[in-house]
Amino acid sequence: MGLHGGNWHSFLQYDEEQDQPEVSTNLLRRIAAHARPYWKGVAIILVAIVTTSILGLIPPLLIRDIIDHALPDKDFLRLNLLAIGMILIPLISGFLGVVQRYASAKIGEGIIFDLRCALYSHMQRMSLRFFTNTQVGELMSRLNNDVIGAQRAITGTVITLISNTVSLVAILVVMITLEWRLTLIGIAILPLFVFPAKRVGSVLRGIARDGLEANARMNAMMNETLNISGALLSKIFGRYSTNQERFIHRAGAVRDIGVRQAVIGRWFFLALSLVGAIGTALVFWIGGYFVLQGVFTIGTIVAFSAYLRELYGPLIAMTNARVDFVTSMVSFERVFEVIDLPVEITDRPDAIELIDVEGCVRFDEVSFSYLEANSAPIGLGEVRRFSRHATSVPVSVRKQKENEDEVDQGEDEAQEKIRWAIEDVSFEVLPGEVAALVGPSGAGKTTITYLLPRLYDPTKGSISIDGHDLRDVRIDSLSEH
Numbered sequence: 001m002g003l004h005g006g007n008w009h010s011f012l013q014y015d016e017e018q019d020q021p022e023v024s025t026n027l028l029r030r031i032a033a034h035a036r037p038y039w040k041g042v043a044i045i046l047v048a049i050v051t052t053s054i055l056g057l058i059p060p061l062l063i064r065d066i067i068d069h070a071l072p073d074k075d076f077l078r079l080n081l082l083a084i085g086m087i088l089i090p091l092i093s094g095f096l097g098v099v100q101r102y103a104s105a106k107i108g109e110g111i112i113f114d115l116r117c118a119l120y121s122h123m124q125r126m127s128l129r130f131f132t133n134t135q136v137g138e139l140m141s142r143l144n145n146d147v148i149g150a151q152r153a154i155t156g157t158v159i160t161l162i163s164n165t166v167s168l169v170a171i172l173v174v175m176i177t178l179e180w181r182l183t184l185i186g187i188a189i190l191p192l193f194v195f196p197a198k199r200v201g202s203v204l205r206g207i208a209r210d211g212l213e214a215n216a217r218m219n220a221m222m223n224e225t226l227n228i229s230g231a232l233l234s235k236i237f238g239r240y241s242t243n244q245e246r247f248i249h250r251a252g253a254v255r256d257i258g259v260r261q262a263v264i265g266r267w268f269f270l271a272l273s274l275v276g277a278i279g280t281a282l283v284f285w286i287g288g289y290f291v292l293q294g295v296f297t298i299g300t301i302v303a304f305s306a307y308l309r310e311l312y313g314p315l316i317a318m319t320n321a322r323v324d325f326v327t328s329m330v331s332f333e334r335v336f337e338v339i340d341l342p343v344e345i346t347d348r349p350d351a352i353e354l355i356d357v358e359g360c361v362r363f364d365e366v367s368f369s370y371l372e373a374n375s376a377p378i379g380l381g382e383v384r385r386f387s388r389h390a391t392s393v394p395v396s397v398r399k400q401k402e403n404e405d406e407v408d409q410g411e412d413e414a415q416e417k418i419r420w421a422i423e424d425v426s427f428e429v430l431p432g433e434v435a436a437l438v439g440p441s442g443a444g445k446t447t448i449t450y451l452l453p454r455l456y457d458p459t460k461g462s463i464s465i466d467g468h469d470l471r472d473v474r475i476d477s478l479s480e481h
């Protein structure tokens with residue numbers, strides 16, 4: 001399978017409608033809510049970041065002092081102290097970096113633990129209808145790939161953004177204090193960093209979602225064909241070649257997306273490096289002229305060039321981090337999409353506990369359809385992007401709500417389209433009686449056994465136990481009996 005597109009520019013094509021780069025405040029607010037319990041660790045990280053940034057400003061000043069004073073004056077004591085300072089500062093910064101990494105890892109792992117447990121808990125509460133319309137591989141992809149993607153955002157990208165923002169502000173302040181004219185030259189090209197970041201961020205956001213979805217489809221096929229049932233069907237019906245072609249197609253899509261993402265990232269890095277090189281060359285060119293004119297010392301231009309490199313470093317890192325941040329938000333979107341799926345079978349607010357159950361079961365004109373004409377099954381295929389809507393209601397649910405406004409139109413026609421698994425079934429089993437469900441395949445025997453423990457609710461009619469409608473009984477109480 002070949003790669004999509006004929007040249008490098010094709011890697012930068014994206015769909016304006018499908019690949020919107022916005023990160024909604026609603027999404028950020030939900031992520032912040034998960035981080036709130038870890039505020040103490042966040043405070044430790046902020047203190048470590050600020051301290052490390054301040055310490056990082058000192059070495060260029062030490063170098064300037066060595067060049068302008070210690071060496072010309074042959075001041076050995078001063079030279080020794082400055083050299084010791086240049087050793088101690090990296091040691092202290094390194095120790096603070098370890099503390100910061102420990103705190104960020106603990107916070108990130110804690111948030112992901114909470115998120116993974118919330119996702120698993122919600123999946124456990126979903127109805128059987130959800131699982132019959134969702135492939136296992138898709139669920140595993142949400143629990144593993146998407147959660148890991150969200151973890152990278154917390155433990156790496158966010159910390160990088162904060163750290164480099166603090167460093168950027170501190171470096172600019174020192175540069176202006178050191179030599180404001182060279183500072184103006186250095187920051188004049190900063191806008192050139194913005195355009196590549198904005199463009200690439202838009203493209204990579206769409207590619208990231210495509211990659212996660214392609215991985216989910218590949219995982220779903222592996223789960224479908226590599227279990228016992230799948231292997232048995234493949235061998236009985238001779239599906240080896242068909243399955244192989246399907247897998248090659250899906251794995252090839254994952255490969256192509258990965259290559260496309262890598263190429264875009266490399267072009268992006270090349271553009272940023274070129275801009276940084278131009279800025280450094282301008283500073284040395286104009287700064288050298290000022291040195292020759294005796295406006296300032298060699299030590300000043302050397303120190304300033306060091307600050308300039310440190311300015312462009314955080315700026316490039318921030319630009320990359322912005323792209324990574326926007327891309328990683330896709331993982332959070334996909335996790336929240338599942339958490340926001342409505343639970344079909346729930347307890348009513350006034351649900352009761354079953355006490356002293358006698359066991360009288362009654363079906364009263366019960367009809368049930370696995371898929372009604374005016375609704376669609378709720379599965380992962382029906383969820384939509386979190387950030388592009390004010391709410392995360394699945395498409396099927398929103399369509400169902402729209403249909404409720406038109407329920408009076410064509411109601412008889414809709415009823416005719418419903419394919420009933422059972423229709424108008426009524427019977428009663430008294431305490432102590434043994435009942436047998438007998439009938440041909442497709443008569444509804446399994447459906448009745450699904451309705452009794454409330455794996456589904458009847459479409460019409462009611463089911464009761466000891467006179468209590470099953471929908472008025474707590475689900476856990478029903479399961480106990």
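Residue numbers for the sequence shown follow my numbering, beginning at 1 and rising by one.
Every residue gets a Cβ at the ideal spot worked out from N, C-alpha and C, and that includes glycine.
Residue i to residue j, Cα distance in whole Å?
i: ASP457; j: ALA443; result: 18 Å
i: GLU536; j: VAL366; result: The first residue shown for the chain is 1 and the last is 481, placing residue 536 beyond what the model contains.
i: HIS122; j: LEU143; result: 11 Å
i: TYR312; j: LEU178; result: 17 Å
i: ASP73; j: ALA281; result: 30 Å
i: ALA83; j: ILE66; result: 9 Å
i: SER392; j: GLN261; result: Here SER392 scores only 37 on pLDDT, less than 50, and its place in the model should not be relied on; the value that follows carries that caveat. Each residue's alpha carbon lies about 27 Å from the other.
i: CYS117; j: GLY467; result: 37 Å
i: GLY288; j: SER305; result: 11 Å
i: ASN26; j: MET318; result: 23 Å
i: ALA153; j: LEU478; result: 42 Å
i: ARG246; j: GLN151; result: 31 Å
i: PHE332; j: GLY108; result: 13 Å
i: TYR120; j: MET140; result: 10 Å
i: GLU310; j: SER53; result: 11 Å
i: LEU28; j: THR155; result: 16 Å
i: ASP75; j: ASP68; result: 11 Å
i: ARG266; j: VAL47; result: 33 Å
i: LEU274; j: GLY97; result: 29 Å
i: ASN164; j: GLY94; result: 16 Å
i: ILE341; j: PHE130; result: The sequence shown places Leu at residue 341, not Ile. Cα to Cα, LEU341 sits roughly 10 Å from PHE130.
i: ILE298; j: ILE162; result: 33 Å
i: TYR38; j: ARG471; result: 40 Å
i: SER24; j: TYR102; result: 29 Å
i: PRO60; j: PHE290; result: 19 Å
Only counting the same chain, and skipping five residues up and downstream in sequence, which positions put a Cβ closer than 7 Å to that of residue i?
i: ARG125; result: VAL343
i: GLU353; result: ARG474, SER477
i: LYS445; result: LEU437, GLY439
i: ASP114; result: HIS34
i: THR459; result: SER367, PHE368, SER369, GLU372
Would you say residue i and residue j are within 8 Å of each other, going by their C-beta atoms?
i: PRO196; j: PHE268; result: yes
i: ARG78; j: ALA70; result: yes
i: VAL166; j: ILE45; result: no
i: ILE111; j: HIS34; result: yes
i: LEU315; j: LEU128; result: no
i: LEU308; j: VAL174; result: no
i: PHE193; j: LEU272; result: yes
i: ILE278; j: VAL200; result: no
i: VAL330; j: ALA253; result: no
i: ARG454; j: ILE345; result: yes
i: GLY211; j: ILE257; result: yes
Could you tell me if residue i is buried or exposed, where buried requires 16 or more neighbouring beta carbons within 10 angstroms of its beta carbon?
i: GLN100; result: buried
i: THR300; result: buried
i: PRO349; result: exposed
i: PHE427; result: exposed
i: VAL302; result: buried
i: SER104; result: buried
i: LEU232; result: exposed
i: ARG388; result: Confidence at ARG388 is low in this model, with a pLDDT of 35, below 50, so the placement of that residue should be treated as unreliable; the coordinate-derived value is given next. Answer is exposed; the Cβ neighbour count stays below 16.
i: GLU402; result: Caution applies to GLU402, whose pLDDT of 43 falls short of 50 and renders its modelled position unreliable; the model cannot decide the point.
Considering only residues of the same chain and omitting the five flanking positions on each side of residue i, which have a CB-CB separation below 6 Å?
i: ASP469; result: SER462
i: ALA220; result: GLN135, GLY137, GLU138
i: ASN223; result: VAL136, GLY137
i: ASP408; result: Reliability fails at ASP408, whose pLDDT of 44 lies under 50, so the model's placement of it is uncertain and no value is given.
Who are the near neighbours of residue i in its chain, counting only those whose CB is closer than 8 Å to its CB and skipping five residues on each side?
i: TYR240; result: SER234
i: ARG250; result: ALA214, ARG217, MET218, MET221
i: ILE448; result: PHE363, ILE422, VAL425, LEU437
i: THR157; result: ALA321, ASP324, PHE325, SER328
i: LEU172; result: THR183, ILE187, LEU311
For chain C, is any of its Cβ atoms less than 8 Å away from the one on residue i?
i: GLY444; result: You won't find chain C in this structure, because it holds only one protein chain.
Cβ contact check for the region 82 to 93 and the region 332 to 340: 3 or more pairs under 8 Å: no
Stretch-stretch touch, CB-based, cutoff 8 Å, three pairs: the region 143 to 158 with the region 294 to 309: These segments do not touch.
Contact between the region 270 to 284 and the region 182 to 189 (3+ Cβ pairs under 8 Å): yes
Cβ pair count under 8 Å reaching 3, the region 422 to 437 against the region 355 to 365: yes
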